[in-house]
Amino acid sequence: MELFLEIGVAQLNKAGEELCGDTIETAGNNESKIVVLADGLGSGVKANILSGLTSKIAANMLEGGCSIDEVIEALAQTLPVCEVRGLAYSTFSISQVMPDGSLYLAEYDNPPAVIIKDDAVQSAKRESREVASRRIYESHLKLLEGDWVVLVSDGVLHAGIGGVWNLGWGWDRIAEYTRSLAATDISAQELAEGLVAVCDKLYNSKPGDDTSAVALRVRQRRELTVMVGPPADRDADAKVVRKFLGSPGKKAVCGGTTGNIVARETGEQLTVDLSSMDPRIPPVGNLAGIDLICEGILTLT
C-alpha cells in the first residue's frame, strides 16, 4: 500500500502580537511533498510578511522543479541581510519528501529537525555549504512507515528561558519529549499541538517569541468515500449506491435523504443515535455497512 505523509501544524504568537512571525507553507505534486517553516526577523506584521514571502517563494520554486541553490539565490535577492543586525530577514527549514520516501532537508539558521526512527531519536548527518553567502545545512534520509520528522522554530528552543530552564527548553529535551509523544501512536496534529502546549506552559502563557512546530508522520494511506447527496436522476439511485458500496476504505453518508436512499437500496434499517445529540448539529445515524451517517450541509462545511 502507498505510504502517506501526514502533516500537523501548531503555532503561538509572541505575546501582544496579532500575527505570528513564523509562516508554514506546504506544496506538492506527483514528484514530492514540500513543507517550509520560515521564521521572520523580529515579530508581528513585519516578521509575518518576511516569513510569508520566504516560505511562499521556497515552496513554489521547489514545487516547480527549481534546485535549492536557485531558491536561496532568489531569496537572497528578494530578502537581503539586515544591515543593522547583520542577520537574514528570515530563517527557514525545508523538508522535501519524494514518493519513494527519500527525504531532503535544507536548514538555514533554524533549529535542526527532530527525526524519530524505530522509536528513537536519530541524528541526521548534516553537511554544510555556502549558497549566496548563506550557510545552509543539508541532510538526506530514507523515511519508512512510522518515522517522524519534526520542524521547530527557535521559539520552541528558547521556551522557558530565564524561568524553568536557564537557557530554554533546549534541543535535546525537545527531541526526547517528541520521541515520547511519537511512541504513543498519536496523530501528527496532536504531536505538534503537544509540543506547542508545553511551550505555552514554559512561557507561562506569555510567549517571548513566535513559536511553531510542524510534525510529519509517515503512515499507510487511509481511504474514505463520502456520498454527499442523492443522484440528480432517481433512476440512478441503485447504480450510485452500488458504486459507493464497492469503493475502497471507510464509507460515510451526508444527509438524511441520502441515508434513506442507501438504506432502501441495501434493504437495511436506518436508525438514529439520539445519544449523539448536539445543540449545533443533528444526531448521527446508524446503518449496517456504513461507517458514518451524518447531517449534510453543516458537516460538509
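Quick note: the sequence shown uses my numbering, first residue 21, plus one each step. Note that the Cβ used here is the ideal one computed from N, Cα and C, for glycine as well.
Exercise. Can you give the Cα-Cα distance for residue 297 and residue 246, rounded to whole angstroms?
Worked result: Locating residue 297 in the sequence shown gives position 277, counting from the first residue. Locating residue 246 in the sequence shown gives position 226, counting from the first residue. If you draw a straight line from the Cα of residue 297 to the Cα of residue 246, it is about 22 Å long.
For this session: Please name the residue or residues paired with residue 264 in a DSSP beta bridge.
Result: Indexing the sequence shown from 1 puts residue 264 at position 244. By DSSP's assignment, residue 264 forms no beta bridge with any residue.
Exercise. Between the segment 108 to 123 and the segment 146 to 166, do at least 3 Cβ pairs fall closer than 8 Å?
Worked result: These segments touch.
Exercise. Taking the C-alpha atoms as reference points, what is the distance between residue 209 and residue 255?
Worked result: In the sequence shown, residue 209 corresponds to position 189, counting from 1. In the sequence shown, residue 255 corresponds to position 235, counting from 1. So the alpha carbons of these two residues sit roughly 43 Å apart.
Exercise. Nearest to residue 41 by CA position, among 230, 266 and 263, is which residue?
Worked result: Mapped onto the sequence shown, residue 41 falls at position 21. Nearest of 230, 266 and 263 to residue 41, Cα basis: 230.
Exercise. So who's on the other strand from residue 59, going by DSSP bridges?
Worked result: Counted from its first residue, the sequence shown places residue 59 at position 39. Residue pairing of residue 59 in beta bridges, as defined by DSSP: 42 and 111.
Exercise. Taking the C-alpha atoms as reference points, what is the distance between residue 150 and residue 273?
Worked result: As a first step, residue 150 must be located in the sequence shown, where it is residue number 130. As a first step, residue 273 must be located in the sequence shown, where it is residue number 253. Looking at the backbone, the Cα of residue 150 and that of residue 273 are separated by about 54 Å.
Problem set entry | Where the alpha helix (DSSP H) through residue 90 begins and ends | Here residue 90 is taken as the residue at index 70 of the sequence shown, counted from 1. 88 to 98 is the span of the alpha helix (DSSP H), which, as asked, contains residue 90.
Problem set entry | Same chain, Cβ closer than 8 Å to residue 140, five either side skipped, listed in chain order | Position 120 of the sequence shown holds residue 140. The answer, listed in chain order, is 199.
Exercise. Beta carbon of residue 90, beta carbon of residue 152: below 7 Å?
Worked result: As a first step, residue 90 is located in the sequence shown; it is residue number 70 there, counting from the start. As a first step, residue 152 is located in the sequence shown; it is residue number 132 there, counting from the start. Cβ distance not < 7 Å, so residue 90 and residue 152 don't count as in contact.
For this session: Report buried or exposed for residue 82, applying the criterion of at least 16 other Cβ atoms within 10 angstroms of its Cβ.
Result: Stepping through the sequence shown from its first residue, residue 82 is reached at position 62. With 16 or more neighbouring CB atoms inside 10 Å of its own CB, residue 82 falls in the buried class.
For this session: Find the nearest neighbour of residue 65 within the set 183, 84 and 34, judged by alpha-carbon distance.
Result: Reading the sequence shown from its first residue, position 45 is the one you call residue 65. Closest in C-alpha terms to residue 65, from the list 183, 84 and 34, comes 34.
Exercise. Counting pairs of Cβ atoms below 8 Å between the segment 260 to 270 and the segment 218 to 235, do you hit three or more?
Worked result: Remark: fewer than three beta-carbon pairs, one from each stretch, lie closer than 8 Å, so the segment 260 to 270 and the segment 218 to 235 are not flagged as touching.
Exercise. Does DSSP classify residue 228 as helix, strand or coil?
Worked result: Counting from 1 along the sequence shown, the entry for residue 228 is found at position 208. When secondary structure is reduced to three states using DSSP, residue 228 falls in the coil class, being assigned neither helix nor strand.
For this session: Assign residue 223 to one of three DSSP states: helix, strand, or coil.
Result: If you number the sequence shown from 1, residue 223 lands on position 203. Coil at residue 223, not helix or strand.
Exercise. Is the CB-CB distance between residue 117 and residue 25 below 7 Å?
Worked result: Here residue 117 refers to the residue found at position 97 of the sequence shown. Here residue 25 refers to the residue found at position 5 of the sequence shown. In contact: residue 117 and residue 25 (Cβ atoms closer than 7 Å).
Exercise. Which residue from 240, 219 and 154 puts its Cα closest to that of residue 22?
Worked result: What you label residue 22 is simply residue 2 of the sequence shown in a count that begins at 1. It is 240 whose Cα lies nearest to the Cα of residue 22.
For this session: Just tell me which of 197, 84 and 192 has its CA closest to the CA of residue 49.
Result: Along the sequence shown, read from residue 1 onward, the residue named residue 49 stands at position 29. Just measuring C-alpha positions, the residue of 197, 84 and 192 sitting nearest residue 49 is 84.
Problem set entry | Pair within 7 Å by beta-carbon distance, residue 134 and residue 170 | One-based indexing of the sequence shown puts residue 134 at position 114. One-based indexing of the sequence shown puts residue 170 at position 150. Cβ distance < 7 Å, so residue 134 and residue 170 count as in contact.
Exercise. Nearest-angstrom Cα distance between residue 253 and residue 59?
Worked result: Along the sequence shown, one-based indexing puts residue 253 at 233. Along the sequence shown, one-based indexing puts residue 59 at 39. About 53 Å.
Problem set entry | Own chain residues within Cβ distance below 7 Å of residue 74, not counting five before or after | Here residue 74 is taken as the residue at index 54 of the sequence shown, counted from 1. The residues are 58, 95, 99, 110 and 112.
Exercise. Assuming residue 70 and residue 227 make a contact with CB atoms under 8 Å, what is their CB distance in whole Å?
Worked result: The count along the sequence shown starts at 1 and reaches residue 70 at position 50. The count along the sequence shown starts at 1 and reaches residue 227 at position 207. Going by Cβ atoms, the distance from residue 70 to residue 227 rounds to 19 Å, so no, they are not a contact pair.
Exercise. Hey, residue 172 and residue 131: beta-carbon distance below 7 Å or not?
Worked result: In the sequence shown, counting from the first residue as 1, residue 172 sits at position 152. In the sequence shown, counting from the first residue as 1, residue 131 sits at position 111. Yes, the pair counts as a contact, with Cβ atoms nearer than the cut-off.
For this session: Going by CA-CA distance only, name the one from 36, 88, 187 and 191 that's closest to residue 157.
Result: Within the sequence shown, the letter at position 137 stands for residue 157. Measuring from the Cα of residue 157, the nearest candidate turns out to be 88.
Exercise. Taking the alpha carbon of residue 300 as the point to measure from, which residue in 307, 287, 318 and 289 has its own alpha carbon closest?
Worked result: Taking the sequence shown and counting its residues from 1, the one referred to as residue 300 is at position 280. That would be 318, whose Cα lies nearest to the Cα of residue 300.
Exercise. Which residue from 178, 52 and 251 puts its Cα closest to that of residue 86?
Worked result: Looking up residue 86 in the sequence shown gives position 66. Checked all of 178, 52 and 251; the closest Cα to residue 86 is 52.
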